[in-house]
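Undergrad: Got a structure for you, written out below as structure tokens; questions coming shortly.
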Amino acid sequence: MLSCKKIESLIGPLFILCREESLISIEFSEEALFNKFNGQEIVFDTNHPTCLMVAQQLNEYFNGERFEFSIPITLAGTPFQVDVWNALMKIPYGSVKSYKDIAEEINRPLAVRAIGQANKRNSFPIIIPCHRVIGKNNALVGYAGDKIGMKEQLLKLEGAIY
């Protein structure tokens, strides 16, 4: 069984999905939540301890009081995706890197487009800050499909210069 808590945020509703003591996913809509976890029992539980902890840390982030997260997550993906997500977690609050920068950091300099695909598969937006990855010439591209406005809001919140 999965526990879910919905919170309102600067970028709209967020659905926090947890199992036991681990964050499983953060989704931007109830539709996305049910599409991704189709067939699994989801209980909307506002008192689940892990969901409450994640909600608190996200609220602190949106209030400008938190710059790093301490949330238990399990990275489930290909070795390449995990390398990308680990590199993203090293981008400091308020900073940005290009897709090319990330590709070079993980020693895959030709994998620029694949970096974008790994970002798309990120189940922990904000926590794993794929919003801090920008295109060449400092262009805001690719955030949760068509949610570039969210990316821009998050970078403004952090005071990022790009």
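Mapping of the sequence shown onto the numbering used here: position 79 corresponds to residue 82, and the numbering continues sequentially without gaps.
Backbone N, C-alpha and C define an ideal beta-carbon position, used for all residues, glycine too.
#1: According to DSSP, is I128 part of a helix, a strand, or is it coil?
#2: On the three-state DSSP scale, how would you describe L160?
#3: Smallest Cα separation from L157: which of N89, F70 and E107?
#4: One question on the structure: do I105 and V85 come within less than 8 Å of each other, judged by their Cβ atoms?
#5: Go ahead and pull the three-state DSSP assignment for V144.
#6: Using only the alpha-carbon positions, how far apart do C7 and N122 sit?
#7: For R124 and L160, what's the separation of their Cα atoms in angstroms?
#8: Do S25 and K39 have their C-beta atoms closer together than 8 Å?
#9: Let me check one thing: in DSSP terms, what residues is F18 bridge-paired to?
TA: On the basis of the data shown:
#1: According to the sequence shown, residue 128 is Pro rather than Ile. Here P128 sits in strand by DSSP.
#2: DSSP places L160 in the helix class (H, G or I) of the three-state scheme.
#3: Of the candidates N89, F70 and E107, the one whose C-alpha sits nearest the C-alpha of L157 is F70.
#4: Contact: no.
#5: Reduced to three states, the DSSP call for V144 is coil.
#6: About 23 Å.
#7: As the crow flies, the alpha-carbon of R124 is around 23 Å from that of L160.
#8: With contacts defined as CB atoms closer than 8 Å, S25 and K39 fail to qualify as a contacting pair.
#9: K9 and E30, per the DSSP bridge assignment.
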